[in-house]
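Residue numbers (full-length UniProt numbering): 1 to 653.
Right, here's the structure in full:
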């Protein structure tokens, strides 16, 4: 639930209809422009595509897809199909096919989520097409032969309460506010269970690890509220854990009649683990179990019958803390220094003695690890034939921002690279919603380092890398701090000999476009090229349109310019679209999507037109010999959307 907004269909169609010829002409002109430009790069495109396919086959495919372990059975997805295998025969070829997107007429969709009922008689699957953010839930009966039982459109999340009762949330116009229950007993029926009234809140469903409760989680950007559904009594009304309290976020797990609460309640207002009895779950009964050290981010938590694993991040380094509920001890487990991202594998059984997860970085393909509670050790799962890349150096730096705050940077480059100041540098930034920069493996990042590029990830304020206070320090009236952080990071990289301005490119997606676009206006001399993917570049106009479905919800991030003149002035001071002026801009490549529900194409077209005009006006005024006019390229994609694409579509892009 990040990023920008789309007008309601009625409003959007009206605005386009009034300037339909202009819009169509602009679209046609941009598509012609793109076709002319892309033709020049045909040979390079083919070479890159070939290289990326080779890397994908070599690294990603060797790991295989994540497994869902259920007793002796293992469920896994590959190429749009879901398979069932025995735990020891996953690679032996003795597998049953349970579902195929193609066979059921969903050939343009990819599988997003799989949930198996407790008795393994039903399987619920969410399918998402490239061009929509709304998923379809398909329920299969798995008796002797898999049979399609039900299709539920526009679903966001879903969980099984019992063997034949499914709870799910419906999604409409980028909002999720209703929870429904549907049964697969002889008396089939569907009913509404819960409705969220506050437009700032988004609802999803979660199942506790021991399967005792489903939780209805209603979250805004800063506040949350949880209701419990007892899986032993799935038709009873949900019960409230703790009424929403402004500024307090909490999430629930369960063990031995106690709720384990991951929450921001109390000082400092960072995530900590607390607990309370199920029967008296109010905030006044919450007791502290564990609080991470200062500037440590609690990334994730996995609950087991006798243990709890905390996934933590401190100054870019990842590690585990294992809490034993038996010995009441906390064990620290160090992880490889190259690791930047965790990914938990699905463990439906909370009594298991092993926790499986993957570690990755932008240039390190996913590697599977297992932590054994019995042995108290970390085991590297040697399923890959390909060894982890060792010739890529990982460096962690701290840049001093305008207000003296130290901002972390993660840098990757080839160990064999000489004269780094002459190498091209690709800088990444996001800095919004308390979301960390995406540091998971991408074939194109590995390819770039192999070809001599330096990659830098700037963990600026507004993101979540150093916890909730890091986000708070970069939202609303603090947005300019993120911009100052980005400038300080790029300047430090150049000072330390990592490339120089004429070889530096900046990459950002979605809300990351705010800081990237702002830097192009304030300090264009620091970079030579910018790549923006579905960028948010007109904060002011977007936040003033309250009819857009996400505007009210987004006020906690950007502020409310309609209610506050100071807020309007402040947004105007950094908004990329509002601050375009005649000057020498870097070359800019923008990807936009025709069917993007969050970033309407009209806004991106206006930004590109204004930018081109400013660059040309500057060139005319300073028309000395050898004057450089930047390329401003817009690539409009008919397929794909604001969210994740399939491998094939991202490869083409």
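For glycine and all other residues, C-beta sits at the position ideal for the given N, C-alpha and C.
Requested in this report: Just mark residue 10 as buried or exposed, buried being the case when its beta carbon has 16 or more other beta carbons within 10 Å.
Outcome: On the chain shown, position 10 is the one that residue 10 refers to. The predicted model places residue 10 with a pLDDT of 30, which falls under 50 and marks its position as unreliable; any figure quoted below should be read in that light. Flag for residue 10 reads exposed.
Report task. Quick one: grab the DSSP three-state call for residue 172. Result -> Your numbering for residue 172 matches position 172 in the chain shown. Note: residue 172 maps to strand in three-state DSSP.
Report task. Please confirm if the segment 513-524 is in contact with the segment 475-488, defined as three or more CB-CB distances below 8 angstroms between the two stretches. Result -> With a cut-off of 8 angstroms, the segment 475-488 and the segment 513-524 count as touching, because enough Cβ pairs lie within range.
**Report entry** residue 518 and residue 592 closer than 8 angstroms at C-beta
**Finding:** Working through the chain shown from its first residue, we reach residue 518 at position 518. Working through the chain shown from its first residue, we reach residue 592 at position 592. Contact check for residue 518 against residue 592 fails: the beta carbons are separated by 8 angstroms or more.
Query raised in the report: Is residue 515 near residue 431, with beta carbons less than 8 angstroms apart?
Result: Position 515 of the chain shown holds residue 515. Position 431 of the chain shown holds residue 431. Cβ atoms of residue 515 and residue 431: closer than 8 angstroms.
Requested in this report: Measure the C-alpha to C-alpha separation of residue 58 and residue 440 and round it to an integer number of angstroms.
Outcome: Here residue 58 is taken as the residue at index 58 of the chain shown, counted from 1. Here residue 440 is taken as the residue at index 440 of the chain shown, counted from 1. Distance between the alpha carbons of residue 58 and residue 440 is about 17 angstroms.
**Report entry** Which residues DSSP lists as bridging residue 654, in chain order
**Finding:** Nothing can be reported for residue 654: it is not among the residues displayed for the chain, which extend from 1 to 653.
Requested in this report: Report yes if the C-beta distance between residue 211 and residue 118 is below 8 angstroms; otherwise report no.
Outcome: If you number the chain shown from 1, residue 211 lands on position 211. If you number the chain shown from 1, residue 118 lands on position 118. Yes, the pair counts as a contact, with Cβ atoms nearer than the cut-off.
Query raised in the report: If we ignore side chains and look at the alpha-carbon of each, how far apart do residue 340 and residue 333 end up?
Result: By 1-based counting over the chain shown, the position of residue 340 is 340. By 1-based counting over the chain shown, the position of residue 333 is 333. Residue 340 and residue 333: Cα-Cα distance of roughly 15 angstroms.
Requested in this report: Using beta-carbon positions only, say whether residue 290 and residue 273 come within less than 8 angstroms of one another.
Outcome: Position 290 of the chain shown, counted from the start, is the residue given in the question as residue 290. Position 273 of the chain shown, counted from the start, is the residue given in the question as residue 273. For the 8 angstroms CB-CB criterion, residue 290 and residue 273 form a contact.
Query raised in the report: From what residue to what residue does the alpha helix (DSSP H) around residue 581 run?
Result: What you label residue 581 is simply residue 581 of the chain shown in a count that begins at 1. First-last for residue 581: undefined, no H or E at that position.
Report task. Return helix, strand or coil for residue 527, following the three-state DSSP convention. Result -> Residue numbering aside, residue 527 sits at position 527 when the chain shown is read from its first letter. The DSSP-derived three-state label of residue 527 is coil.
Query raised in the report: Who are residue 399's beta bridge partners in DSSP?
Result: One-based indexing of the chain shown puts residue 399 at position 399. 407.
Report task. Report the partner residues of residue 636 according to the DSSP bridge assignment. Result -> On the chain shown, position 636 is the one that residue 636 refers to. Residue 636 is bridged to 592.
Query - Terminal residues of the alpha helix (DSSP H) in which residue 55 lies - result: Position 55 of the chain shown, counting from 1, holds the residue named residue 55. In the DSSP annotation of this structure, the continuous segment of the alpha helix (DSSP H) that includes residue 55 starts and ends at 42-55.
**Report entry** Three-state class that DSSP yields for residue 11 in the structure shown
**Finding:** On the chain shown, position 11 is the one that residue 11 refers to. Low confidence applies here, because residue 11 scores a pLDDT of 32, under 50, leaving its location unreliable and the question unanswered by this model.
Report task. State the CB to CB distance for the pair residue 615 and residue 585, rounded to an integer number of angstroms; the pair is presumed to be in contact (CB under 8 angstroms). Result -> Within the chain shown, the letter at position 615 stands for residue 615. Within the chain shown, the letter at position 585 stands for residue 585. A Cβ-Cβ distance of about 5 angstroms is found for the pair residue 615 and residue 585, placing them in contact under the 8 angstroms criterion.
Query raised in the report: With 16 other CB atoms within 10 Å as the buried threshold, where does residue 186 fall?
Result: Taking the first residue of the chain shown as position 1, residue 186 is located at position 186. Classification of residue 186: exposed, given that the 10 Å Cβ count is below 16.
Query raised in the report: Which residues does DSSP pair with residue 217 in a beta bridge?
Result: Numbered from its first residue, the chain shown carries residue 217 at position 217. Answer is 204, 226, bridged to residue 217.
Report task. Can you grab the Cα-Cα spacing for the pair residue 278 / residue 226, in whole Å? Result -> To locate residue 278, count along the chain shown from 1; it is residue 278. To locate residue 226, count along the chain shown from 1; it is residue 226. C-alpha separation (whole angstroms): 13 angstroms.
**Report entry** residue 286 classed as buried or exposed, judged by whether at least 16 other C-beta atoms fall within 10 angstroms
**Finding:** Counting from one through the chain shown, the residue named residue 286 turns up at place 286. Buried, since its Cβ has 16 or more Cβ neighbours within 10 Å.
Report task. Return the chain-ordered ranges of every alpha helix (DSSP H) run that is complete within the segment 402-465 and spans a minimum of 4 residues. Result -> Counting whole runs of 4 or more residues, the segment 402-465 contains the alpha helix (DSSP H) stretches 443-450.
Query - Environment of residue 21 [buried if 16+ CB atoms lie within 10 Å] - result: On the chain shown, position 21 is the one that residue 21 refers to. When all chains shown are included, residue 21 counts as exposed.
Requested in this report: Using beta-carbon positions only, say whether residue 353 and residue 372 come within less than 8 angstroms of one another.
Outcome: Counted from its first residue, the chain shown places residue 353 at position 353. Counted from its first residue, the chain shown places residue 372 at position 372. The answer is yes: Cβ separation under 8 angstroms.
**Report entry** Neighbourhood of residue 282 by C-beta, 7 angstroms cutoff - its chain only, sequence neighbours within 5 removed
**Finding:** As a first step, residue 282 is located in the chain shown; it is residue number 282 there, counting from the start. Same-chain partners within the cutoff: 242.
Query raised in the report: Alpha carbon to alpha carbon, how far is residue 361 from residue 445?
Result: To locate residue 361, count along the chain shown from 1; it is residue 361. To locate residue 445, count along the chain shown from 1; it is residue 445. Separation of residue 361 and residue 445 (C-alpha to C-alpha, rounded to the nearest whole angstrom) is 10 angstroms.
Report task. Could you name the residues that DSSP lists as bridge partners for residue 166? Result -> Here residue 166 refers to the residue found at position 166 of the chain shown. BP columns for residue 166 point to 160, 182.
**Report entry** Coarse secondary structure for residue 308, derived from DSSP in three states
**Finding:** Numbered from its first residue, the chain shown carries residue 308 at position 308. Reduced to three states, the DSSP call for residue 308 is strand.
Requested in this report: Alpha carbon to alpha carbon, how far is residue 68 from residue 253? Give it in angstroms, no decimals.
Outcome: Along the chain shown, read from residue 1 onward, the residue named residue 253 stands at position 253. Along the chain shown, read from residue 1 onward, the residue named residue 68 stands at position 68. Spanning the two alpha carbons is a distance of roughly 20 angstroms.
Report task. In the DSSP assignment, find the unbroken beta strand (DSSP E) run with residue 321 in it and report its ends. Result -> Working through the chain shown from its first residue, we reach residue 321 at position 321. Looking at the DSSP string, the run of the beta strand (DSSP E) that includes residue 321 is 317-324.
Report task. Determine the burial state of residue 648: buried for a count of at least 16 other Cβ atoms within 10 Å of its Cβ, exposed for fewer. Result -> Counting from one through the chain shown, the residue named residue 648 turns up at place 648. Sixteen is the threshold: since fewer than 16 other Cβ atoms of the shown chains lie within 10 Å of the Cβ of residue 648, the residue is exposed.
**Report entry** Cβ shell of residue 265 (< 6 angstroms), same chain only, five flanking positions each side left out
**Finding:** Numbered from its first residue, the chain shown carries residue 265 at position 265. Residues of the same chain with a CB within less than 6 angstroms of the CB of residue 265, apart from the 5 flanking positions on each side, are 248 in chain order.
Query - DSSP three-state assignment for residue 564, whether helix, strand or coil - result: Here the question's residue 564 lines up with position 564 in the chain shown. For residue 564, the three-state secondary structure derived from DSSP is coil.
Query - 8 angstroms Cβ shell around residue 8 - same chain, five flanking residues per side excluded - result: For this step, residue 8 is matched to residue 8 along the chain shown. Here the model assigns residue 8 a pLDDT of 30, short of 50, so the residue's position is not dependable and the matter cannot be decided.
Query raised in the report: Where DSSP assigns a beta bridge to residue 368, which residues make up the other side?
Result: The sequence position of residue 368 within the chain shown is 368, counting from 1. Residue 368 is bridged to 358.
Query raised in the report: Among the residues of its own chain, which have a CB less than 6 angstroms from the CB of residue 638, if the five just before and after it don't count?
Result: Your numbering for residue 638 matches position 638 in the chain shown. Answer for residue 638: 594, listed in chain order.
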